[in-house]
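Input: a single structure, listed below in structure tokens.
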Ligand SMILES: Nc1ncnc2c1ncn2[C@@H]1O[C@H](COP(=O)(O)OP(=O)(O)OP(=O)(O)O)[C@@H](O)[C@H]1O
Ligand SMILES: Nc1ncnc2c1ncn2[C@@H]1O[C@H](COP(=O)(O)OP(=O)(O)OP(=O)(O)O)[C@@H](O)[C@H]1O
Ligand SMILES: [Mg+2]
Ligand SMILES: [Mg+2]
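Chains as they are written, first to last, in this note's numbering: chain Y, 130 to 384; chain F, 154 to 401; chain W, 154 to 401; chain S, 40 to 358; chain U, 145 to 393.
Here is the structure:
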């Protein structure tokens with residue numbers, strides 16, 4: 130049974146520090162600069178939360194396999210770590226609605242293969258990132274042989290070397306990658322699937338903080354902060370962000 | 154029942170000892186008086202080493218009694234440490250402590266076990282090293298000494314505890330004839346000073362030279378015994394005669 | 154220049170051998186005729202083992218000549234395998250192959266080196282094992298045999314190659330008197346059958362019993378030699394006399 | 040009287056002295072002993088070797104260290120960096136520049152690896168030594184328990200143990216009202232010290248049982264108590280024997296600290312992955328970066344290995 | 145069978161203990177494949193690492209200076225760098241330098257795949273230790289026994305094959321045993337280059353299902369079982385090679 134504990138907002142304010150779990154290997158959403166600092170879209174969002182609470186922010190780097198544990202344990206107070214909002218995850222942590230971002234799944238593949246539909250991947254080696262949820266779907270439904278590595282650097286290397294025919298990943302990251310001249314012979318040919326929202330998560334039972342975060346997110350959408358950040362970090366504005374901005378601006382201001 | 158010097162120093166009565174199924178000693182009885190030198194000879198595997206180790210309680214026995222200065226060795230209540238202060242043992246393989254110099258090897262037991270005074274112990278140790286004619290080797294490590302020299306350090310190490318009885322187990326095996334001679338001289342000097350010695354040996358010449366009394370064991374029993382002269386030249390038992398006839 | 158039986162079987166002329174700086178053999182000369190049994194005695198480190206190993210080309214020499222059946226051993230063009238088929242060697246530590254049974258030890262060289270027929274080899278091996286009086290031990294591993302038994306297996310193993318000369322290096326050290334006797338009997342039988350034998354030993358009694366001729370070496374030279382009777386009772390050289398006097 | 044002592048006595052003496060145990064007396068079985076004339080005889084086979092300790096998670100091999108193997112590695116690094124540089128398209132930062140840019144951060148991570156290794160080694164050694172002494176205790180229950188613990192942690196993969204500590208330990212705990220945080224890297228230290236503990240335990244047990252039993256018997260017959268024998272006779276001799284395998288274990292542990300990357304500790308491998316991501320997944324960077332990391336580990340572990348061999352040689356002569 | 149699987153689904157619903165790889169057919173298949181992959185990878189690496197050990201020890205006794213140096217360099221490199229980084233280095237660096245071959249799906253891929261590279265680098269890694277072990281074993285065979293063989297006229301190779309190696313093998317079995325156990329434990333690293341062995345599969349499953357503790361416990365027991373089997377069979381082998389009356393106990 131969950132032990133009754135002090136409200137997290139009080140704890141954070143008393144402590145003076147908000148501990149946020151963010152990615153450190155997911156450019157441009159969360160990554161390191163040469164000084165070792167974690168920067169990117171999500172750290173900026175986290176910073177705003179801390180500012181609003183009037184405390185300092187501390188970034189804890191997380192990876193897919195440990196981010197929910199950290200939150201459960203209380204090692205982090207808040208998680209903004211490119212996590213897709215899925216029902217089974219909602220059993221473990223509280224995911225704040227509205228969602229703050231969204232991304233679909235697509236592949237990066239050499240143009241020469243001319244992939245047209247997901248089924249074209251059947252029986253072929255497809256690179257992925259270890260722990261990504263769409264690996265299972267790509268393997269199970271489309272019959273691809275998933276070859277998953279730890280980080281994107283390894284995957285890009287393997288893809289270029291020809292060790293796999295495609296890289297299945299978040300479309301937003303792939304779009305960014307395709308802008309580099311290094312990838313001019315590659316394309317993102319398939320229809321994006323699983324356009325699934327990303328969720329910011331708080332610990333189970335933190336009602337007040339959950340409400341607080343929901344307000345924050347609504348504010349970001351209404352003010353167009355997300356779109357701004359995308360531009361700042363070199364990402365084309367995503368349809369989700371645009372739609373949310375339109376919706377919430379109307380809701381808040383009636384325009 | 155206090156022990157008096159006219160009683161046997163070491164006394165064995167009907168000693169039986171088995172290793173699992175194998176009965177190695179099958180009723181050994183003999184007495185050793187103070188100042189006597191006794192040699193035990195016999196074919197390999199006849200239980201000589203086992204016998205000598207029982208006297209020191211390194212092995213326990215199943216039946217019979219062994220007393221040293223009237224004290225029962227096989228008594229479970231016996232303080233083994235007390236016994237071992239009275240009985241010194243020298244092993245065939247020397248078993249010196251390789252991380253200590255010759256002098257330290259000799260000093261160690263009196264210092265640690267008897268907690269005697271450092272100065273006194275060192276004095277006595279140097280005296281003992283002179284006694285076994287190893288002057289100048291005090292600071293050598295065992296690895297730097299020849300076999301005969303190591304053997305003599307081992308003897309000095311046992312003597313440092315001022316034992317009443319010394320046990321020697323094939324101390325001259327693996328030594329060449331000249332080194333055997335050196336060790337022999339050392340043991341003979343001990344005997345002359347009145348030390349009680351029990352020796353196991355394969356060297357008949359050695360036994361003849363040094364012993365007051367010789368016991369011949371075979372398959373766990375004493376087959377024959379006697380003073381060296383009668384034993385070597387006038388053995389009665391056919392097994393003993395056969396054994397002796399083999400000696401070249 | 155073919156070798157004839159009236160020439161020496163083994164002949165050493167002014168043999169010099171050094172290990173680096175250390176000159177171990179300083180001009181050794183002697184001949185051994187077919188069927189002769191020769192013993193080499195002397196203090197430890199005097200170069201006996203080295204000498205015998207040179208005859209088998211296990212060590213090379215720096216100067217002088219060694220011939221076996223008229224063939225120069227120290228010739229770099231010599232086929233060592235051919236030489237070793239003619240010369241058998243038995244080591245002090247037996248050096249049996251512990252992972253093979255007694256019979257397999259004896260059969261190994263003929264099978265692998267001479268590639269003889271399995272059946273024939275086995276027959277001869279069993280015959281040899283009988284010859285060294287080890288019937289019934291064919292399937293025992295060396296670890297299950299006593300020292301004397303192991304030593305006899307080692308002798309049989311060498312004999313299996315039908316050598317013309319047998320070299321024995323301190324084969325009785327570390328054996329007890331009875332076992333020494335057994336090995337002695339075996340060697341004596343070999344000698345009676347006309348085998349040429351060269352033995353290194355520490356056991357004077359053994360040398361006296363078995364040898365036709367005895368050489369005493371000290372510090373790399375032959376100090377004295379002669380037939381056993383004259384050698385033991387009438388040695389001229391003071392060093393020899395002193396060495397013999399140490400024997401108990 | 041014994042005028043010829045040194046000359047003649049030497050050969051036989053030093054032979055026996057040099058390897059007092061080289062010929063282990065093998066005892067014949069009961070059947071052999073019963074018959075007259077049959078007996079165990081010394082078997083001149085197989086020296087008691089000091090094994091290059093079994094594996095990469097314990098023990099010290101004694102290889103001959105010659106040449107400058109490190110130079111080869113540096114060469115590999117330079118070549119790979121050079122090749123990557125040659126391939127690089129104009130207008131992009133050169134590989135060297137990128138590596139230089141990130142070196143301070145990576146070095147911080149590497150120092151972190153070393154810190155983890157030192158702490159895990161300290162904890163593992165202290166607990167492992169106690170466990171090892173438990174394994175040679177006279178109390179059968181204690182011996183059994185110590186043995187089981189040792190075997191369990193020796194046979195479980197390091198990575199799995201690491202994960203276990205990450206999951207089972209809380210992120211903070213309180214003693215008497217004071218809350219002590221337990222950051223990830225501390226958990227990694229605990230996770231790594233478990234296998235270290237098991238291996239140290241084995242090193243202790245192995246060293247003690249590698250001493251000839253004659254040492255115990257000699258001390259016993261001089262009336263030493265068991266405690267005195269252990270602390271004054273046995274352990275002093277063992278320390279020298281244990282040092283090389285212990286140092287080897289340390290080198291292995293240092294190399295194992297990269298496993299912490301898998302559980303998300305910000306050590307050098309994790310940082311390398313993050314750096315590569317920050318550089319936008321440039322494929323030509325992978326090889327130079329990993330060669331660079333290899334070089335660092337080599338530079339740290341190789342001197343330890345050399346030193347281990349030197350100690351091993353030194354003590355091999357003494358004992 | 146189905147009822148058995150369903151029980152685990154029920155277990156999850158009731159207690160939260162989520163052993164998907166029992167009741168979920170897809171996960172089950174993956175897990176079985178991963179288990180078999182671990183075994184296969186271990187066996188192949190065991191084989192090659194022992195071969196490398198034997199050959200390396202033989203080469204180290206070579207009279208040629210450069211052969212010995214090469215072997216030594218090899219040993220030093222593999223002993224003093226982390227195996228995880230080695231794997232990366234081999235797979236991404238050396239692997240991409242190899243010539244490319246056409247694949248059956250129409251592309252071109254480097255000659256050797258991830259499994260092959262896992263085998264190569266893990267075998268060389270464990271092999272570096274095995275060389276040491278074999279050399280010590282060979283040195284343990286006394287020169288006198290080797291001399292006895294040459295006095296009987298055996299050539300160098302015959303002596304190595306019939307005397308030295310069989311004897312050395314018996315001495316080193318405990319050490320070798322230990323090394324091979326470690327090799328099996330180290331195959332977990334192959335996950336880093338996407339060889340679908342047990343840890344890789346477990347990692348996928350716990351990412352998909354958020355059941356890390358269950359998977360970790362399962363992994364622990366699976367490895368202890370595998371290692372147990374290896375230790376057991378090596379011990380049996382050791383016993384069968386035991387020479388009567390020889391050895392310490
Ligand atoms: N610890 C033991 N366990 C089992 N059997 C043993 C043990 N110690 C000795 N034996 C057996 O007891 C018998 C007597 O051994 P012991 O060492 O006393 O003989 P020994 O007369 O000293 O022979 P040697 O002259 O060869 O030293 C032998 O058969 C031996 O195998
Ligand atoms: N391989 C070697 N390298 C260097 N010196 C050696 C070697 N073999 C023997 N010696 C030295 O050569 C001398 C003669 O040795 P050798 O073994 O021939 O003596 P030995 O007469 O057989 O003595 P023992 O009776 O002790 O067997 C000794 O001083 C020995 O130290
Ligand atoms: Mg004995
Ligand atoms: Mg010799």
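Each residue gets a CB set at the ideal place from its N, CA and C atoms; glycine is no exception.
Selected residue, minimal CA-CA separation from residue i, among the options
| i | options | result |
| --- | --- | --- |
| residue 315(S) | 375(Y), 357(Y), 165(Y) and 145(Y) | 165(Y) |
| residue 257(Y) | 292(Y), 242(Y), 168(Y) and 241(Y) | 292(Y) |
| residue 342(F) | 358(F), 364(F) and 292(F) | 364(F) |
| residue 255(S) | 274(S), 313(S) and 292(S) | 274(S) |
| residue 289(U) | 272(U), 366(U), 169(U) and 311(U) | 311(U) |
| residue 137(S) | 181(S), 259(S), 266(S) and 327(S) | 327(S) |
| residue 317(F) | 299(F), 176(F) and 350(F) | 350(F) |
| residue 262(Y) | 287(Y), 141(Y) and 211(Y) | 211(Y) |
Exposure label - residue i; buried when at least 16 CB within 10 Å
| i | result |
| --- | --- |
| residue 377(U) | exposed |
| residue 254(Y) | buried |
| residue 308(Y) | exposed |
| residue 242(S) | buried |
| residue 348(S) | buried |
| residue 247(Y) | buried |
| residue 340(Y) | exposed |
| residue 150(S) | exposed |
| residue 144(Y) | exposed |
| residue 359(U) | buried |
Start and end residues, beta strand (DSSP E) containing residue i
| i | result |
| --- | --- |
| residue 316(S) | No beta strand (DSSP E) contains residue 316(S), which is instead part of the alpha helix (DSSP H) from 307 to 317. |
| residue 430(W) | Absent from the model: residue 430(W). The displayed extent of chain W is 154 to 401, so no value can be given. |
| residue 275(Y) | 274 to 278 |
| residue 368(W) | 366 to 371 |
| residue 298(Y) | 295 to 299 |
| residue 313(W) | No beta strand (DSSP E) holds residue 313(W); DSSP gives it neither H nor E. |
Endpoints, the alpha helix (DSSP H) within which residue i is located
| i | result |
| --- | --- |
| residue 240(W) | First-last for residue 240(W): 240 to 243, but that is the beta strand (DSSP E), not the alpha helix (DSSP H). |
| residue 350(Y) | 336 to 352 |
| residue 236(U) | Looking at the DSSP string, residue 236(U) is not in any alpha helix (DSSP H), and its letter there is neither H nor E. |
Given 8 Å, three or more beta-carbon pairs between the stretch 152 to 163 of chain Y and the stretch 307 to 323 of chain U: no
Residues from the stretch 226 to 254 of chain S in contact with chain U, defined by Cβ distance under 7 Å: none
Within 7 Å of chain U by C-beta, residues of the stretch 286 to 314 of chain Y in sequence order: 286, 290, 291, 292 and 294
Three CB pairs or more closer than 8 Å across the stretch 323 to 340 of chain W and the stretch 243 to 250 of chain W: yes
Proximal residues, the stretch 180 to 202 of chain F versus chain W, C-beta separation under 7 Å: 196 and 197
Cβ-based contacts, 8 Å cut-off: residues of the stretch 293 to 324 of chain U near chain W: 293, 294, 295, 296, 297, 298, 299, 302, 306, 307, 310, 311 and 314
Near-chain S residues of the stretch 202 to 224 of chain U (beta-carbon distance less than 7 Å), N- to C-terminal order: 213, 216, 217, 219, 220, 221, 223 and 224
Cβ-based contacts, 8 Å cut-off: residues of the stretch 176 to 202 of chain U near chain Y: none
Chain S contacts from the stretch 148 to 175 of chain Y (Cβ-Cβ distance under 8 Å): 153, 154, 155, 156, 160, 161, 162, 163, 164 and 165
The stretch 274 to 291 of chain U: positions lying closer than 7 Å to chain W by Cβ: 288, 289 and 291
Near-chain S residues of the stretch 343 to 354 of chain Y (beta-carbon distance less than 9 Å), N- to C-terminal order: none
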